[in-house]
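Written below as structure tokens is the structure these notes are about.
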Ligand code: GLN
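Numbering (this note's numbering), first residue to last: 9 to 494.
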């Protein structure tokens, strides 16, 4: 008997297409799996069982009528910072604990139009601020590879839902690494698309010049299918680019013979676990065997400044974006103060958790008169330097390859008290958001029994190149076939 909850999207699609399984059966299997593993992993904030089964029924009717696309009838999970009409969208914050959006995010509209079955919403670090999902104001999510460890963050719930067989695929958001780092920690595939490729309409904003939505899946083929469904211009997001979306599945098998791949040395940072560096070297050697020309001597000298730049720009934008939570329009509202100002103060005091407050304070400080030039403006200038270094590198190389994270998943609680240690978890992923280029993380081995991810970076809108490299590597290795034993 086939275990439905271990199928990839493309495998499930074949069974749906040939009517060997119905979407209702598939959805029931996933809902059952959710009931079984959720008490151990705690990945989901909301499960919409009835709605999912109704959606599955509609998808079955659609399949029966011959109208089927690769996502029709496929059960999925959405990170809880993307608006779902009529379904609570919490951002894992007390501030939005009871917020029910009156509209769907663009990506949700697109998934619904494709006939995908949305089963629920995934836990995350509050307002996507964090790298471990420990900053969720609701509960901590556990890594299915080792329940004492974090799944990464902030899209930890989304990554776990795929790794633990709770969903065939998931959506996450990535501002500085929040799709790729949890993908790496949970041994799944995660893509941060080029800034502007996927509409942010209906994504609760964290840092608007860095945020992008992307897929988390079991393999590269699924990732391409999901990107096909969500990419494309949307007039409701002024930063979404009118770029013609290719069929990302069409390029997968093109191979990497002769492809020029650079290895930027700054990404093998001090403090990187030697086992991670070793796994990466083996993975890169594999790319060479597959015909790529590897240059080990690439330098992106501004890389060490990326962390500082990110922690000026992201909190600055966050402090502006989060000013809207005033207890008046929506979300948590404290009403017992002596006047409006006190209510607003208390709303924010009780509604936001400590990391969110830290970011608001950092951002407000960096933007304040007298400090703006020294911090925010300076950070923007360095951002330009970082972007130019990537542009220059992509004149010589088709892709750059780095580790996704300097470490394997760490223990729950290990870094919670030390924000700088936590921030360092994203040193390899932050520069990519700063430059706005796309990057994918794919399973690339294990160190001490825990997953290691490889990050492949391309120039703006070169997702096809990323998929080619990722697919070639995946086909030559078995890592993506290992499932967490839970
Ligand atoms: N970990 C980084 C942060 O805390 C990135 C988060 C993200 O990509 N949303 O800001």
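Backbone N, C-alpha and C fix where the C-beta goes; we use that ideal spot for every residue, glycine too.
Per-residue DSSP class, three states only, for residue i
i, result
"residue 202", "coil"
"residue 68", "helix"
"residue 151", "strand"
"residue 165", "helix"
"residue 458", "strand"
"residue 419", "strand"
"residue 208", "coil"
"residue 312", "helix"
"residue 28", "coil"
"residue 439", "helix"
"residue 291", "helix"
"residue 320", "helix"
"residue 488", "helix"
"residue 215", "coil"
"residue 383", "helix"
"residue 102", "helix"
"residue 342", "coil"
"residue 327", "helix"
"residue 111", "coil"
"residue 276", "coil"
"residue 190", "helix"
"residue 61", "helix"
Own chain partners of residue i with C-beta closer than 8 Å, once the 5 adjacent residues on each side are dropped
i, result
"residue 241", "207, 248, 249, 250, 251"
"residue 380", "374"
"residue 112", "91, 92, 93, 120, 210"
"residue 97", "88, 89, 90, 91, 104, 107, 108, 109, 129, 212"
"residue 301", "266, 267, 268, 269"
"residue 495", "Since the first residue shown for the chain is 9 and the last is 494, residue 495 is missing from the structure and cannot be characterised."
"residue 363", "133, 134, 137, 138, 143, 427"
"residue 69", "none"
Limits of the beta strand (DSSP E) - the one that residue i falls within
i, result
"residue 181", "177–182"
"residue 410", "407–411"
"residue 93", "Taken as a continuous stretch (DSSP letters only), residue 93 belongs to no beta strand (DSSP E), as it is neither H nor E."
Beta-carbon contacts of residue i that lie in its chain and below 7 Å, excluding the five residues immediately before and after
i, result
"residue 13", "37, 38, 41, 173"
"residue 434", "139, 184, 185, 189"
"residue 256", "232, 235, 236, 471, 472, 475"
"residue 149", "49, 50, 51, 131, 141, 159, 164, 165, 168"
"residue 456", "283, 416"
"residue 436", "275, 410, 411, 412, 413, 414, 463"
"residue 418", "157, 158"
"residue 445", "202, 398, 465, 466, 467, 468"
Span of the alpha helix (DSSP H) around residue i
i, result
"residue 430", "427–432"
"residue 359", "348–359"
"residue 229", "228–238"
"residue 264", "Where residue 264 is concerned, there is no enclosing alpha helix (DSSP H), given that its DSSP letter is neither H nor E."
"residue 7", "The requested residue 7 does not occur in the structure, where the chain is confined to residues 9 to 494."
"residue 305", "No alpha helix (DSSP H) holds residue 305; the beta strand (DSSP E) holding it covers 301–306."
"residue 280", "No alpha helix (DSSP H) holds residue 280; DSSP gives it neither H nor E."
"residue 42", "31–49"
"residue 388", "386–404"
"residue 476", "471–484"
"residue 118", "114–122"
Identity of the residues DSSP links to residue i by a beta bridge
i, result
"residue 129", "54, 86"
"residue 444", "Its beta-bridge partners do not exist; DSSP assigns none."
"residue 197", "225"
"residue 5", "As displayed, the chain neither begins before 9 nor continues past 494, which places residue 5 out of reach and without an answer."
"residue 157", "419"
"residue 270", "303, 408"
"residue 220", "182"
The ligand SAH heavy atom lying under 6 Å from the CB of residue i
i, result
"residue 183", "Inclusion of the ligand SAH in the displayed structure is not the case, the ligand content consisting of the ligand GLN alone."
Cutoff 6 Å; reference residue i; Cβ partners in own chain excluding five residues on either side
i, result
"residue 488", "227, 451, 482"
"residue 2", "Only positions 9 to 494 of the chain appear in the structure, and residue 2 is not among them; the question remains open."
"residue 383", "320, 374"
"residue 367", "137, 323, 326"
"residue 370", "323"
"residue 162", "132, 133, 136, 138, 186"
"residue 64", "31, 32, 35, 125"
For the segment 131–144 against the segment 108–122, do three or more pairs of beta-carbon atoms, one drawn from each stretch, fall closer than 8 Å, so that the two count as touching? Of all C-beta pairs linking the segment 131–144 to the segment 108–122, fewer than three are shorter than 8 Å, placing the two stretches out of contact.
With a cut-off of 8 Å, do at least 3 Cβ pairs link the segment 315–326 to the segment 336–352? Segments in contact, no.
Would you call the segment 172–190 and the segment 209–228 touching, i.e. three or more CB-CB distances under 8 Å? As far as the Cβ criterion goes, the segment 172–190 touches the segment 209–228, which means the pair count is three or higher.
Could you say if the segment 282–302 and the segment 254–272 meet the contact criterion of at least three C-beta pairs nearer than 8 Å? yes
Would you call the segment 454–472 in contact with the segment 301–320, where contact means no fewer than 3 C-beta pairs closer than 8 Å? no
Evaluate contact between the segment 56–67 and the segment 80–93, counting only Cβ atoms and requiring at least three cross-stretch pairs below 8 Å. yes
Is the segment 458–466 touching the segment 108–120 in the sense that three or more CB pairs, one from each, lie closer than 8 Å? Touching, no.
Just checking, does the segment 387–404 make contact with the segment 348–361 on the three C-beta pairs under 8 Å criterion? no
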